[in-house]
Amino acid sequence: MEILFDEIPSLDLADFTSGNPAQKAAFVQKLGEAYQNIGFVAIKNHGLSQDLQDRLYGSIKDFFKLPDDIKAKYEKPEIGFQRGYTGKGKEHAKGRNTGDLKEFYHVGQELSRIPDTDSVKSEYPPNIWPSELPEFQNDANEAYRTLESAGKSMLQAIALSLELDENYFEDKVAYGNSILRQIHYFPIENPDEVPADAVRAAEHGDINLITLLMGASADGLQVKRMDGKWIPITALPDQLVVNVGDMLERLTNKKLKSTIHRVVNPPREKMNTSRYSIPFFMHPRSEMDLTCLESCVDADHPKQFEDATAGEFLEERLRELGLRK
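This note's numbering numbers the first residue of the sequence shown as 834 and each following residue consecutively.
This is the structure we're talking about:
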């Protein structure tokens, strides 16, 4: 039965990670309900301290204040912008040509953490660190590891909600292609100068398994309910917003919903203010098989997707977003 939520459900990850069996089962139940209907939850007790969030936001604000020619040193179109800086308006939503009103910085797996014996190490470009901000590297790496760990706990709960082994995703996300993206929605001094259809982030679904979004600067973030109504996403400062991505929707043959969401422009008089956001896009290893799970395919739910690996699907989507040629 379909549930139309007026706001996204709030859950306590500690119920799952350190609760008793009843609390753990209740968490799995509520998570499954949310992900089958609206695809979003807000969670607390995720392990990311306020101090670390504050430090990370501090260092990204300092980075985005740098002159454009300095930031451009860290831009690498030749690797599809998968590490380092991506300039203003370079990315657009699938099916659109107008660039989003944002710039961002990408951090991936630290290669030094991956064992030399693991073939995935050769797939990733090294991280790029701005020499102007020495603290940025430590803060970003610490946040990356913390969010990856919270993401693994969420995937364990997701596996149980799908009646899979709790550790179903473990080997598939070990040293996965996850990305920490620090976004600056830059101030628009003159709203008349931007294209009429330009927005901070046009409506889109995320590519990955799940996204963990940090910080409560969520004003403007909206999610599209099954009945087509847009509802605002409100999260408390101590919560992460965690949503289903397209890879998980594919794997579950649309049982779990990768819900369309967007970041709308602020009121005209506030267009000249900055907004910052730090999503962690949790990706599996490129060889993960995204073929629909047999348990999610039946006469009422025929298979809706071609078989593909995570790597193949990612490449296709990066081209659609204008980040790969």
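For every residue, glycine included, the Cβ atom is placed at its ideal position computed from N, Cα and C.
| query | result |
| --- | --- |
| Hey, quick one: how far does the alpha helix (DSSP H) through residue 1113 stretch, first residue to last? | No alpha helix (DSSP H) contains residue 1113, which is instead part of the beta strand (DSSP E) from 1108-1115. |
| On a CA-only basis, which of 1139, 1045 and 1026 is nearest residue 1101? Give me that one, please. | 1026 |
| Please look up how many angstroms separate the CB atoms of residue 992 and residue 1080, rounded, as I've assumed it's under 8 angstroms. | Actually they do not touch by this definition, with Cβ atoms about 14 angstroms apart. |
| Tell me which residues share the same chain as residue 1049 and place their Cβ nearer than 6 angstroms to its Cβ, disregarding the 5 neighbours each side in the sequence. | In this predicted model, residue 1049 has a pLDDT of only 49, less than 50, meaning its place in the structure is not dependable; the value taken from the coordinates is given anyway. Excluding sequence neighbours, residue 1049 sits near 1068 and 1070. |
| By how many angstroms is the C-alpha of residue 841 removed from the C-alpha of residue 904? | 36 angstroms |
| Under three-state DSSP, which class holds residue 1093? | coil |
| Looking at C-beta atoms only, is the number of pairs between the region 1108-1116 and the region 906-919 that lie closer than 8 angstroms three or more? | no |
| Report all residues from its chain with a CB closer than 7 angstroms to the CB of residue 1053; omit the five preceding and five following residues, and keep chain order. | 1033, 1096, 1097, 1099 and 1108 |
| In its own chain, which residues sit with a C-beta less than 7 angstroms from the C-beta of residue 1130, not counting the 5 before and 5 after it? | 1086 and 1136 |
| Determine the contact status of residue 1016 and residue 896, defining contact as a CB-CB distance below 8 angstroms. | no |
| Can you tell me which residues form a DSSP beta bridge with residue 962? | DSSP lists no partner for residue 962. |
| Closest by CA to residue 1018, which one among 1059, 958, 940 and 893? | 893 |
| Using 8 angstroms as the threshold, is the C-beta distance between residue 1126 and residue 1084 below it? | yes |
| If you measure between the beta carbons of residue 870 and residue 845, is that distance less than 8 angstroms? | no |
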